[in-house]
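Structure, as structure tokens:
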Amino acid sequence: MEIPTWKKKNLIGVQSLSQSEIRKILKLAKFFKKSLGTKHNHLKGKRIVNLFMEPSTRTRIAFEVAAKSLQADVISIAEKSSSLTKGETLRDTALNIQALGADAIVLRHSSPGASLFLSRIVDVPIINAGDGAHEHPSQALLDLFTLEESIGSLEGKKVTILGDILFSRVARSNFWGLSKMGAEITFAGPSTLVPKSFESMGAKVSHDLKDSLSEADAVMLLRIQHERQSSSHFPSLAEYTRIFGLNKSRAKWLKKDAVILHPGPINRGIEIDSELADSDNSVILNQVTNGVAVRMAILSLCTLSRIE
Amino acid sequence: MKTICIKGGRIIDPSLNRDEIGNLYFNGDKIIDESDASNIEYFDAKGLLIFPGLIDLRCHINDLSGGNCENISSVTRAAGAGGYSTVVLMPDLNPIPDNPATIQFTRDQINKDAIVNIKLCGNLTKGSKGKELAPIGSLQNAGVVAISDSPVSTQNNQIFCKAVEYASMFEIPVIDIPRDLTLSENGNAHDGPQALKMGLGGFPRIAEELHVQRAISISRSLKSSVHLSSISSIGSVEMIRDAKKKGVSVTADVTPHHISLTENNISDFNTNFKTSPPLREEIDRLHLVKALMDGTIDCVSTAHQPITEHLKNVEYDLAPSGVIGLETSLNISLNILKQTKGFTWLKLIKIMSTRAAEILNISGGTLKKGSHANIVLFDPLKKWKYTTKNGNSNGKNSPFDNMIFEGKVVETIINGEPILNYKKFISL
Chain A
8 MEIPTWKKKN LIGVQSLSQS EIRKILKLAK FFKKSLGTKH NHLKGKRIVN LFMEPSTRTR
68 IAFEVAAKSL QADVISIAEK SSSLTKGETL RDTALNIQAL GADAIVLRHS SPGASLFLSR
128 IVDVPIINAG DGAHEHPSQA LLDLFTLEES IGSLEGKKVT ILGDILFSRV ARSNFWGLSK
188 MGAEITFAGP STLVPKSFES MGAKVSHDLK DSLSEADAVM LLRIQHERQS SSHFPSLAEY
248 TRIFGLNKSR AKWLKKDAVI LHPGPINRGI EIDSELADSD NSVILNQVTN GVAVRMAILS
308 LCTLSRIE
Chain B
156 MKTICIKGGR IIDPSLNRDE IGNLYFNGDK IIDESDASNI EYFDAKGLLI FPGLIDLRCH
216 INDLSGGNCE NISSVTRAAG AGGYSTVVLM PDLNPIPDNP ATIQFTRDQI NKDAIVNIKL
276 CGNLTKGSKG KELAPIGSLQ NAGVVAISDS PVSTQNNQIF CKAVEYASMF EIPVIDIPRD
336 LTLSENGNAH DGPQALKMGL GGFPRIAEEL HVQRAISISR SLKSSVHLSS ISSIGSVEMI
396 RDAKKKGVSV TADVTPHHIS LTENNISDFN TNFKTSPPLR EEIDRLHLVK ALMDGTIDCV
456 STAHQPITEH LKNVEYDLAP SGVIGLETSL NISLNILKQT KGFTWLKLIK IMSTRAAEIL
516 NISGGTLKKG SHANIVLFDP LKKWKYTTKN GNSNGKNSPF DNMIFEGKVV ETIINGEPIL
576 NYKKFISL
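For the record, the sequence lines run as chains A and B. Sequential numbering of the first sequence, starting at 8, is according to the numbering used here. Sequential numbering of the second sequence, starting at 156, is according to the numbering used here.
Next comes the structure, spelled out in structure tokens:
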């Protein structure tokens, strides 16, 4: 399959994508998924640099596998092994990477807006692999892909995103993606992590688990990052599990064919019961596989983009 | 000595409630009456506005952050270009003005390099650390006109309370930047819809409002004045308005950026819009403007905060807060306030000059006979483009870069000396 015309060099977020652009990415991902395991030569001779300034397993490896499946050369740089520990700024690191001949940079960083910042400094495509609590577009796109695969068109579908929304880039990117595809989104969880102010974005906000689950066609669980919030946001993981954890009896509130997603890493027994994570309703492992196909699509589109 | 007559301009002097076409005379560094004038040289000011030099109650040269961005010479050139005849430097100086010796050191530098009047604000606590009171009486003897830990907010209530009580004995104003740090520790942006989308936040209105209430309560119970600088939230405005109605002796200022910009301006993570307190919502902005017009907020201060480019050109949450403002303050304030009902030039100049002099209890803000000849000549029709590149400040962190303005300061006269070399003035 030929890579379709693509005019956006950078993938900073889903907020700035149109529905037709999202469809284009998902269509190409579908093609790559069918042929997973076969090597494509779309990025032969291209050098992709993974610049990961925050810990990541899934995303980093998925980007690496995706790039290698397109026969690109991949260089992965983690914070601890880079000169950033010597006080070099992100700006200088990126300029150096560019000077060394990168064809695209995949960036994971703790600062919101870091990818946009970098895209103004270097000429090579920047692909955002998560910037603080801002966006995580490749995750949201693979979630859209997985959802369409499991429940069909998202037009009019109800999706509940449950957990730590306030600090979540996955929730934000999914919100943009899902709403552009016509779905209704409910953010659910404790009031300190899901403040009412999210209604200003156009999401529904619920602090009642039963309410938020009963009509959902899909529920997306987010990892509770107790290490990230001070204990001021909620009392304990045990309390969270007691009030908002998805267990077998609460799963009965869900529609029979509702699907369960989780971007990982899962805290089994905290936000989700182990059994549920492995149940027929769970598409969690499909998300991982789809992540490679979607990232192959993203890498080839951005790296081969034609700016007019 | 020759007398200079600025002839036929529109004279705006809030201290005399004077707004009329007329002549203004000065001899040496003093303004004089026509009857005392002899040996007169005339300067034709037809079409120009003539008003007292502006006074900035809060200006930083941000000497402590490294990078050697601004200095006395550059900050006063920027001030002069913006029509400021007097700026009050906040205590983020190097060395820090928490004792008479360092104040003398800075004054020596000022005497050497300043081209406008500079007043100093001494520290409220030693080293701005918020733990021990600075020697406020000695600082006043050394020449400071106010005390504050600005841009740091004094967190300890006991220390702040005692500082206000102690300072009242010397009748020296206390300037507070209201901010509760426990509620705004990672305060990168206003906790509003815009920041929520961007994954930023951390500086809610309540972090400011709690300290506004603190200042009001302390001022009320001790019957001492407190000046609140950089008010940004609608709640603060309401509290200050109520307090003033009840006769509490609090005063307040707002910055040009808070009356002209909102959180929407940060949507593309441009750090030149990152300020502290952060830009808030349109409803806050509208109430700030209204409060300025009805006197709830007394004056505009620039909160001029030059930051070296390489420190500002980083990831948004890592960039320091602050913007420059001396050269654009008058034009921004004019642009915003002239759209309001009840705008007069007298009110504008009161807000930009006279009121600050009253709060600080310093001379200036007037063209009365016998006062220092600190005078601004303003051409209301002259169009110009502001660029940081051609600006006088060494800081380039302005949210108003490349803006086109109508009306320009064409000359600033400091103690009788024109400092901008306005062509016509020189031709005298």
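Backbone N, C-alpha and C define an ideal beta-carbon position, used for all residues, glycine too.
| chain A residues whose Cβ lies nearer than 8 Å to that of lysine 352 of chain B | Here residue 352 of chain B refers to the residue found at position 197 of the second sequence. For lysine 352 of chain B, the chain A residues whose C-beta falls within less than 8 Å of its own C-beta are Gln22, Arg179, Met208, listed in chain order.
inquiry  = Going by C-alpha to C-alpha distance, which of A:Thr199, A:Gly196, A:Leu220, A:Asp264 sits closest to glycine 159 of chain A?
reply    = For the purposes of this step, residue 159 of chain A is taken as the residue at position 152 of the first sequence. In terms of Cα proximity to glycine 159 of chain A, the closest of A:Thr199, A:Gly196, A:Leu220, A:Asp264 is A:Asp264.
Given that threonine 66 of chain A touches chain B, what residues does it touch there, using C-beta distances under 9 Å? As a working note, residue 66 of chain A is residue 59 in the first sequence. Simply none; closest approach about 17 Å.
Legend entry - Endpoints, the alpha helix (DSSP H) within which proline 475 of chain B is located: Start at 1 with the first residue of the second sequence, and residue 475 of chain B comes out as number 320. Per DSSP, proline 475 of chain B belongs to no alpha helix (DSSP H) and is neither H nor E.
*Go through its chain and collect everything with a Cβ distance to serine 83 of chain A's Cβ below 6 Å, but skip five positions before and after it.*
Start at 1 with the first residue of the first sequence, and residue 83 of chain A comes out as number 76. The beta carbon of serine 83 of chain A is closer than 6 Å to those of Asn57 in its chain, skipping five residues each way along the sequence.
| task | Quick one: residues in its chain with C-beta nearer than 8 Å to the C-beta of isoleucine 10 of chain A, no 5 flanking neighbours on either side, listed in chain order? | result | Translated into positions along the first sequence, residue 10 of chain A becomes position 3. Excluding residues within five positions, the ones whose Cβ falls inside 8 Å are Leu35, His49, Ser307, Leu308, Leu311.
Contact set between phenylalanine 424 of chain B and chain A, taken where Cβ atoms lie within less than 8 Å
Numbered from its first residue, the second sequence carries residue 424 of chain B at position 269. Ordered by position in chain A, the residues that pass the 8 Å Cβ test against phenylalanine 424 of chain B are Pro119, Gly120, Leu123, Phe124.
### Query
Among residues of its own chain, excluding the 5 on either side of glycine 120 of chain A, which ones have a beta-carbon nearer than 7 Å to its beta-carbon?
Here the question's residue 120 of chain A lines up with position 113 in the first sequence. Asp138, His141, listed in sequence order.
Margin query: Helix, strand or coil, according to DSSP, for aspartate 408 of chain B in the structure here?
Written below: Here residue 408 of chain B is taken as the residue at index 253 of the second sequence, counted from 1. In the structure shown, aspartate 408 of chain B sits in a strand (DSSP, three-state: E or B).
| said: So, with DSSP's three-state summary, where would you put serine 499 of chain B? | reply: On the second sequence, residue 499 of chain B is found 344 positions in, with the first residue counted as 1. A quick correction: the sequence has threonine, not serine, at residue 499 of chain B. Of the three classes helix, strand and coil, the one that applies to threonine 499 of chain B here is coil, per DSSP.
| isoleucine 186 of chain B to asparagine 529 of chain B span [Cα, whole Å] | Locating residue 186 of chain B in the second sequence gives position 31, where the first residue counts as 1. Locating residue 529 of chain B in the second sequence gives position 374, where the first residue counts as 1. Cα-Cα distance, rounded: 9 Å.
| Cβ-based burial, asparagine 486 of chain B [other Cβ within 10 Å; buried from 16] | Position 331 of the second sequence holds residue 486 of chain B. When all chains shown are included, asparagine 486 of chain B counts as buried.
- Message: Check whether the stretch 168–179 of chain B and the stretch 65–75 of chain A are in contact - that is, three or more C-beta pairs closer than 8 Å.
- Response: Contact fails: fewer than three Cβ-Cβ distances are below 8 Å.
Open item on the list: Going by the DSSP bridge assignment, what does leucine 532 of chain B pair with across the sheet?
Closed with: Taking the second sequence and counting its residues from 1, the one referred to as residue 532 of chain B is at position 377. Answer is B:Ile205, B:Glu566.
Exercise for the section: Note the first and the last residue of the continuous alpha helix (DSSP H) segment covering arginine 302 of chain A. Expected result: By 1-based counting over the first sequence, the position of residue 302 of chain A is 295. Counting along the chain, arginine 302 of chain A sits inside the alpha helix (DSSP H) bounded by residues 291–310.
Simplified DSSP assignment, three categories, for lysine 524 of chain B:
Within the second sequence, the letter at position 369 stands for residue 524 of chain B. Coil, per DSSP.
Self-check item: Boundaries (first-last residue) of the alpha helix (DSSP H) holding leucine 216 of chain A
Solution: Counted from its first residue, the first sequence places residue 216 of chain A at position 209. Where leucine 216 of chain A is concerned, the enclosing alpha helix (DSSP H) stretches over 216–221.
Checklist line | CA nearest to the CA of valine 300 of chain B, picked from B:Val469, B:Leu336, B:Ala322 | finding: To locate residue 300 of chain B, count along the second sequence from 1; it is residue 145. A check of alpha carbon separations from valine 300 of chain B across B:Val469, B:Leu336, B:Ala322 identifies B:Ala322 as the nearest.
My output table needs one value for methionine 60 of chain A: the three-state DSSP class, helix, strand or coil. Locating residue 60 of chain A in the first sequence gives position 53, where the first residue counts as 1. Methionine 60 of chain A: coil per DSSP, three-state reduction.
Within the stretch 249–317 of chain B, note down every full alpha helix (DSSP H) run reaching 4 residues or more, in order along the chain.
If we require 4 residues or more, the alpha helix (DSSP H) runs fully inside the stretch 249–317 of chain B come out as 255–268, 291–296.
Notebook entry, point to check: Name the chain A residues that come within less than 8 Å of tyrosine 239 of chain B, Cβ to Cβ?
Noted result: Reading the second sequence from its first residue, position 84 is the one you call residue 239 of chain B. In chain order: nothing, as chain A lies at least about 33 Å away.
* Strand pairing of lysine 165 of chain A, partner residues [DSSP] -> The count along the first sequence starts at 1 and reaches residue 165 of chain A at position 158. Answer is A:Glu191.
Within 8 Å, strictly: CB atoms of isoleucine 216 of chain B and leucine 244 of chain B: Position 61 of the second sequence, counted from the first residue, corresponds to residue 216 of chain B. Position 89 of the second sequence, counted from the first residue, corresponds to residue 244 of chain B. Contact flag set, yes.
Check: Could one say the Cβ of alanine 140 of chain A lies closer than 8 Å to chain B's Cβ atoms, at least one of them?
Finding: Locating residue 140 of chain A in the first sequence gives position 133, counting from the first residue. Yes, alanine 140 of chain A counts as interfacial toward chain B.
| said: According to DSSP, serine 213 of chain A sits in a beta bridge with which residue or residues? | reply: Along the first sequence, read from residue 1 onward, the residue named residue 213 of chain A stands at position 206. According to DSSP, which records beta bridges pairwise, serine 213 of chain A is partnered with A:Ala195.
Does leucine 577 of chain B have its Cβ less than 8 Å from a Cβ in chain A? Residue 577 of chain B sits at position 422 when you count from the first residue of the second sequence. The question names leucine, but residue 577 of chain B is tyrosine in the sequence shown. No - not a single Cβ of chain A is within 8 Å of the one on tyrosine 577 of chain B.
Q | beta strand (DSSP E) segment containing arginine 313 of chain A, residue limits | A | Locating residue 313 of chain A in the first sequence gives position 306, counting from the first residue. Per DSSP, arginine 313 of chain A belongs to no beta strand (DSSP E) and is neither H nor E.
**Item:** Rounded distance between the beta-carbons of valine 409 of chain B and leucine 434 of chain B, thought under 8 Å
**Value:** Stepping through the second sequence from its first residue, residue 434 of chain B is reached at position 279. Stepping through the second sequence from its first residue, residue 409 of chain B is reached at position 254. Not quite, the Cβ-Cβ distance comes to about 12 Å (not below 8 Å), so this is no contact.
- For proline 348 of chain B, go through chain A and note every residue whose CB falls closer than 8 Å to its CB, in chain order. Translated into the one-based positions of the second sequence, residue 348 of chain B becomes position 193. Identification of chain A residues near proline 348 of chain B by a Cβ-Cβ cut-off of 8 Å yields Ser204, Ser207, Met208, ordered along the chain.
So if DSSP puts proline 573 of chain B in a beta bridge, which residue, or which two residues, is it bridged to? Counting from one through the second sequence, the residue named residue 573 of chain B turns up at place 418. Proline 573 of chain B pairs with B:Ile568.
Does the Cβ-Cβ distance between alanine 79 of chain A and lysine 53 of chain A come in under 8 Å? Working through the first sequence from its first residue, we reach residue 79 of chain A at position 72. Working through the first sequence from its first residue, we reach residue 53 of chain A at position 46. Yes; because the gap between Cβ atoms is below 8 Å, this pair is in contact.
(Q) At the level of alpha carbons, what is the spacing between leucine 253 of chain A and isoleucine 279 of chain A? (A) The residue labelled residue 253 of chain A in the question sits at position 246 within the first sequence. The residue labelled residue 279 of chain A in the question sits at position 272 within the first sequence. The straight-line gap from Cα to Cα measures roughly 5 Å.
- [ ] Could you please tell me which residues of the stretch 162–192 of chain A, in chain order, have their CB closer than 7 Å to any CB of chain B?
- [x] Here the close residues are Arg176, Arg179.
Taking the alpha carbon of glutamate 566 of chain B as the reference point, which residue from B:Thr426, B:Ser229, B:Val271 has its own alpha carbon closest? Along the second sequence, read from residue 1 onward, the residue named residue 566 of chain B stands at position 411. For glutamate 566 of chain B, the closest of B:Thr426, B:Ser229, B:Val271 by C-alpha to C-alpha distance is B:Val271.
Buried/exposed call for alanine 256 of chain B, threshold 16 Cβ in 10 Å: As a first step, residue 256 of chain B must be located in the second sequence, where it is residue number 101. Answer is exposed; the Cβ neighbour count stays below 16.
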